[in-house]
Each structure stands twice: as structure tokens, then as C-alpha cells.
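Residue numbers for the sequence shown follow the working numbering, beginning at 96 and rising by one. All C-beta atoms, glycine included, are put in the ideal place defined by N, C-alpha and C. What follows is one structure encoded as C-alpha cells, with my remarks underneath.
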Amino acid sequence: MAPFSLLLFLLFSLFTTILSQPQYPKGFLINCGAVIPSQINGRQWLPDSPYISSGTPRIIPLPGILPALSTLRSFPLSASRKFCYTIPVYRTGKYLVRTTYFYGGFDGRDLPPVFDQIVDGTVWSVVNTTEDYRNGLSTYYEGVFLAKGRTMSICVGRNTYTDSEMFISTLELLLVGNSLYNSTDFSMYGLTTVARHNFGYGGPVLRFPDDQFDRFWRPFTDSNTAITSPGNASASGIWNLPPSKVFDTALTTDQVKPMELQWPPVSLPNSNYSIALYFADNRGNLSADSTVFNVSINGIEFYHNLKPTPSGVAVFVTQWPLSGLTKLVLTPAAGSNLGPLISAGEVFGILVLGGRTVTRDIIALEGLRKNLQNSPLVWNGDPCLPREYSWTGITCSEGSLVRVVALNLSNMGLSGSLSQGISNLTALTDILLGNNNLSGPIPDLSPLRRLERLHLQDNQLSGEIPPSLGNIVRLRELFLQNNNLTGEVPSSLKGKSGLNLQTSGNQFSLSSATPPS
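Set out below in C-alpha cells:
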């Protein structure tokens with residue numbers, strides 16, 4: 096073969112190899128507390144400092160610990176109630192979010208803390224790793240959520256049970272296919288994983304590269320018969336694309352009789368759940384009626400006359416009530432020649448989303464935060480939601496369209512300046528920033544048509560009073576005393592009916608009439 100032809104052949108072979116290799120899903124693998132990137136099992140993990148501005152990196156000095164669990168980030172009890180990672184995402188993209196926690200005794204206590212984890216404006220779940228830690232295990236939580244903006248915030252939050260520093264070990268956001276679990280309205284709900292099992296399988300957790308979205312399929316066996324019968328099952332026609340390998344094993348019965356499973360293997364709180372079950376029958380040449388059975392859950396029929404095929408089938412429901420322990424029963428139909436079987440299953444809790452603060456308000460508050468210095472505030476995540484975790488000094492509206500309606504940051508020891516972006520908070524009725532160390536000019540606030548109270552007294556503001564303040568029809572209180580303001584009090588304010596205007600202690604020119612104070 097000529098050298099040039101050989102080169103083309105090698106390049107073609109390399110290109111074909113690259114295309115044939117499964118590509119890890121797009122997203123972020125964040126090693127919390129790490130300070131440099133690392134390669135772990137061929138995957139690139141990122142340090143977390145670009146995505147969070149608070150907390151303390153920690154090292155877990157335990158022998159034999161998995162590399163991704165050897166660091167964590169902890170968060171103090173004395174500051175904000177919530178601490179958030181802000182991750183760039185594709186707007187309207189659907190993401191598998193996985194958080195992992197391994198306490199490791201980093202703070203010298205016997206037991207880990209209990210706290211909340213939050214996605215954007217919704218409390219996702221309580222994080223309680225106590226039992227796993229006693230058994231030397233890490234704890235992970237997984238859910239599927241829609242990105243409603245260009246960033247997604249994943250937070251830990253202090254609840255009434257939290258008695259020590261919160262922490263997190265790893266954070267993964269993986270972009271998944273649009274078809275996954277698309278019977279759920281992700282604009283209103285999120286899915287939180289309760290169980291995902293590969294029946295009849297006793298090996299290690301099945302994940303990427305077998306699952307292209309790196310979902311975890313855990314092994315599940317019980318007293319029923321486990322069979323292995325690899326066939327030609329394909330997940331390409333199933334809406335949420337399970338890995339084909341889950342169809343290679345199954346649980347069945349030795350005789351044509353009902354099969355009972357206690358699954359999922361945990362007691363569940365009373366709620367509605369999304370359930371998906373997977374079946375493939377590869378037991379040789381079968382007639383059309385060799386395996387037909389009915390599926391019931393807690394005595395209620397789930398599916399009638401199910402006929403699994405060698406290529407694989409899935410049945411699912413989006414709202415199914417469960418409470419306590421769950422009994423899954425597969426009962427052969429009349430005329431069946433073989434016992435029922437099941438290959439895999441998933442159960443998700445249905446999480447009602449709490450909404451999201453209007454994007455323009457979030458952007459405006461971020462601009463305000465960047466201009467403030469010496470701030471005791473830890474402003475991160477969604478400003479208004481969840482309600483119990485709203486930002487310090489922020490009051491928000493009720494209803495589905497959540498706006499910021501008041502800022503009360505008086506007596507907070509703030510310095511820095513007021514950004515012009517504050518005028519984008521167009522739902523504001525109150526701006527209370529008195530008794531701080533703010534400097535610079537007063538921005539043009541005329542777009543704030545609902546503004547009723549503007550308290551800027553006892554600061555170090557300079558420049559002239561914007562005449563446009565007089566155009567704010569609803570303005571009733573304007574307190575500007577004890578600043579470094581110059582020029583004259585605008586005539587638009589001097590004669591404004593119903594306005595309580597206080598400007599003493601400034602440096603106005605002699606020609607400026609002193610308004611009542």
C-alpha cells in the first residue's frame with residue numbers, strides 16, 4: 096500500500112473509531128472543594144470555584160477514598176441560609192442533576208448534618224446521609240429538571256434540623272435527550288429519582304457507556320428466578336432510551352404462577368409517582384401467547400394482557416398513588432405457557448416546581464450586588480424562591496409572576512455605589528438604603544413608576560438630585576438628608592403635592608430653597 100493511501104486508511108480508521116465510541120453527555124462534572132481539574136475514570140472533573148463564591152474547600156484524609164469524594168465544600172451556619180452553585184445551561188434544555196454527599200467527619204463531629212437541597216426556586220429534597228455514612232457509603236440524589244433560563248442554581252439550605260456546617264462533595268449536570276420522560280410537563284414539574292433497577296442482574300451499577308446519559312441502573316435480585324438471555328432488544332424505539340443491556344437479564348418464576356416483588360425496596364411517603372417498567376422475552380422461539388400476564392401495583396391493575404417481545408417493550412404511567420411499601424404482582428393470563436418476567440423499572444417522585452423570579456429582576460439584583468462592597472449579604476440562587484430562602488432584605492410579590500417589590504437594606508454597613516440597573520426593578524414600591532456608606536450619584540429612577548418610598552439618608556452620596564424623581568407619580572417619601580449632594584433641589588420636587596421631602600445636611604447652593612423637613 097502506498098504511503099499516502101496508508102495515511103488515508105489510518106485517518107479513516109481513527110475517524111471511524113472516534114465516531115463509534117459513545118460520547119459522554121454534555122454538561123458539567125464538578126468536584127466540590129477541588130482546586131484543580133482532574134481526570135477520574137477517563138472523565139474530566141472541574142474545580143468548583145468558578146461556580147460559587149462562598150464556602151470553604153475541605154480535604155477528606157481517609158485511606159482508599161474515591162478521588163471524587165476526597166474533597167468537599169462546607170458552608171457555615173452563621174451566614175446565609177442557602178448557598179448556591181450557579182451553572183451555565185442551555186435554556187429549555189432538560190438536565191439530569193446528580194448531587195453526591197460524603198461527610199467523612201470533616202468537622203470532627205460524629206454525625207453529618209441534615210439540610211435541604213434546592214433547584215432554582217424549588218426545595219428538591221432533604222439531605223440526610225446519616226445511615227449511609229454509618230455504613231461507610233456516600234449518598235447521591237438524582238432528578239430531571241428543565242432549564243428555564245441561561246443558568247441553573249443548585250443550592251444547599253439550612254432547615255430546622257441543621258445543627259452543623261452543610262457540605263457537598265460532587266455536582267453533575269448532564270444534558271439529556273428531549274424524548275426522556277416526555278410524558279411529564281417539565282414546565283410545571285421536576286422528577287426526582289426514587290428507584291432505578293436492573294432486575295435479575297447482580298453485577299456493578301450499569302451506567303455510561305451502557306447508558307448514554309449516565310443514569311445509574313442498580314442491580315436487583317430477590318427470591319424469584321434470575322435469568323440471563325441476551326437477545327436483540329433495542330431501546331431505540333422506547334421514548335426514554337434505557338440501555339439495551341437492561342433487557343439482557345430478568346426476574347421470572349420457575350412455574351406458570353404469579354410473581355410478587357416488593358419494589359421499590361423502600362417505604363414511600365403518600366404521594367403520586369411516575370412509574371416505568373421494562374420487559375423483553377428472549378427465551379427462544381415463542382408463540383404469540385407464550386408469555387402474557389397482567390401487572391398490578393398494590394392490588395390495582397397497572398397493565399392488562401402484557402405481551403413482552405424479544406425486542407423489548409415499556410409501559411409507564413405519569414401519576415400513580417403510592418404509600419408505604421409497594422407490592423408489584425405479575426399474574427399469568429389464561430393460556431400462558433411460561434411464567435411472567437420483568438427486566439427493569441424506574442420510579443420517580445413528582446416535584447411541583449416553585450417557580451422562578453422574573454429574569455430581569457435577577458439580572459438587576461446581580462448588578463446591584465456587584466456594585467456593593469463590605470456587604471454582609473450572601474445573595475445567590477433565586478432571590479425570591481423558595482419563599483423560606485428569599486434573599487436578605489428582599490420582599491417579593493405573590494402569584495405566578497414573581498417580582499421584587501421592596502429593598503430594605505438599611506443599617507447594613509454597605510459601601511460602594513448604586514448601579515443604574517436598579518431602575519430595571521420596575522415593580523419596586525420601596526427602596527430603603529438609609530444609614531450605610533454608599534457613595535457616588537443617585538441613578539435615574541424614573542422607570543420605577545410604582546416607587547412610593549426612597550430612603551437614602553445618612554450615606555455619602557454625591558452629585559445632584561435627579562430632576563426625574565419628580566416624575567414618579569406615586570413617590571410619597573424622599574429622604575436624602577446627611578449626604579454630600581450638591582446643586583439645587585429640583586423644582587419638580589419642591590412643589591410636588593403629597594411628597595415628604597427631607598434634604599437637610601447636604602451641600603446645596605444658597606439659591607436652593609430649603610424644602611420642609
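Nearest-angstrom Cβ-Cβ length linking residue i and residue j, presumed shorter than 8 Å
| i | j | result |
| --- | --- | --- |
| S518 | P536 | Not really, about 13 Å apart at Cβ, beyond 8 Å. |
| L564 | I526 | No, L564 and I526 are not in contact; Cβ-Cβ is about 11 Å, not under 8 Å. |
| T323 | T344 | 5 Å |
| T195 | Y256 | T195 to Y256, Cβ: 20 Å. No contact. |
| T287 | G216 | Contact flag wrong, Cβ pair sits at about 15 Å. |
| L164 | S233 | 6 Å |
| F311 | S264 | In fact, because the Cβ distance is near 16 Å, the residues do not count as touching under 8 Å. |
| L141 | L124 | 6 Å |
| D211 | N254 | 5 Å |
| N579 | D553 | With 8 Å as the limit, N579 and D553 do not qualify as a contact, their Cβ atoms being about 12 Å apart. |
| N466 | G511 | 5 Å |
Backbone CA spacing between residue i and residue j [nearest angstrom]
| i | j | result |
| --- | --- | --- |
| R229 | V361 | 18 Å |
| N293 | S318 | 15 Å |
| G188 | V271 | 8 Å |
| S108 | R313 | The pLDDT assigned to S108 is 39, lower than 50, so where the model puts this residue is not dependable, and the model offers no usable value. |
| G295 | L401 | 19 Å |
| G434 | L425 | 9 Å |
| R545 | C491 | 14 Å |
| S100 | Q139 | For S100, the pLDDT reaches just 47, beneath the cut-off of 50, and the residue's location in the model is therefore unreliable, although a value from the coordinates is still provided. Roughly 35 Å separates the two Cα atoms. |
| D376 | T452 | 49 Å |
| T521 | R548 | 14 Å |
| R245 | P145 | 16 Å |
| D309 | P562 | 59 Å |
| V639 | G150 | With the chain running from 96 to 612 in the structure shown, residue 639 is simply not present. |
| L114 | W486 | Legend: pLDDT at L114 = 39, less than 50; position of this residue unreliable, no value from coordinates given. |
| L463 | N469 | 13 Å |
| Q602 | C479 | 38 Å |
| P132 | M354 | 49 Å |
| D143 | V184 | 16 Å |
| S248 | V218 | 12 Å |
| R193 | R186 | 19 Å |
| G122 | G326 | 32 Å |
| V499 | L417 | 38 Å |
| S331 | P117 | 15 Å |
| A459 | G488 | 15 Å |
| E493 | T454 | 16 Å |
| T111 | G407 | The predicted model places T111 with a pLDDT of 39, which falls under 50 and marks its position as unreliable; any figure quoted below should be read in that light. In a straight line, the C-alpha of T111 is about 29 Å away from that of G407. |
| F178 | P208 | 15 Å |
Test item: CB-CB of residue i and residue j under 8 Å
| i | j | result |
| --- | --- | --- |
| F201 | L167 | yes |
| A328 | L372 | no |
| S274 | L191 | no |
| E559 | T524 | no |
| I437 | L301 | no |
| F411 | S505 | no |
| V251 | P359 | no |
| L61 | Q555 | One cannot answer for residue 61 here, as it falls past the ends of the chain, which runs 96 to 612. |
| I213 | G476 | yes |
| W334 | Y368 | no |
| L268 | I135 | no |
| K352 | D305 | no |
| P403 | T386 | yes |
| E260 | F170 | yes |
Residue range of the unbroken beta strand (DSSP E) whose run includes residue i
| i | result |
| --- | --- |
| S133 | 133 to 135 |
| R313 | 313 to 315 |
| D625 | Outside the displayed span of the chain (96 to 612) sits residue 625, for which this structure offers no information. |
| T265 | 265 to 270 |
| E237 | 234 to 241 |
| E355 | 354 to 357 |
| E493 | Careful: E493 lies outside any beta strand (DSSP E) and carries neither H nor E. |
| E572 | 572 to 574 |
| C127 | Per DSSP, C127 belongs to no beta strand (DSSP E) and is neither H nor E. |
| K177 | 177 to 183 |
| G394 | No beta strand (DSSP E) holds G394; DSSP gives it neither H nor E. |
| W486 | Run containing W486: none; DSSP gives neither H nor E here. |
| N530 | Unbroken run through N530: none, as it is neither H nor E. |
| Y284 | 284 to 294 |
| K189 | 189 to 196 |
| N432 | Taken as a continuous stretch (DSSP letters only), N432 belongs to no beta strand (DSSP E), as it is neither H nor E. |
Range of the contiguous alpha helix (DSSP H) that encloses residue i
| i | result |
| --- | --- |
| N466 | 454 to 466 |
| S587 | 586 to 589 |
| T323 | Premise fails: T323 lies in the beta strand (DSSP E), 320 to 323, not in any alpha helix (DSSP H). |
| R229 | 225 to 229 |
Residue i: CB within 7 Å of a non-hydrogen atom of the ligand NAD
| i | result |
| --- | --- |
| T323 | No copy of the ligand NAD occurs in the structure displayed, which carries no ligand at all. |
Chain B within 8 Å of residue i, Cβ atoms only
| i | result |
| --- | --- |
| L533 | No chain B appears in the structure shown, which is made up of a single protein chain. |
Is it a yes or a no for the segment 388 to 398 touching the segment 441 to 448, going by three-plus beta-carbon pairs under 8 Å? These segments do not touch.
Taking 8 Å as the cut-off, does the segment 588 to 598 touch the segment 562 to 577 (at least 3 CB pairs, one atom from each stretch)? With contact defined as three or more Cβ pairs closer than 8 Å, the segment 562 to 577 and the segment 588 to 598 are in contact.
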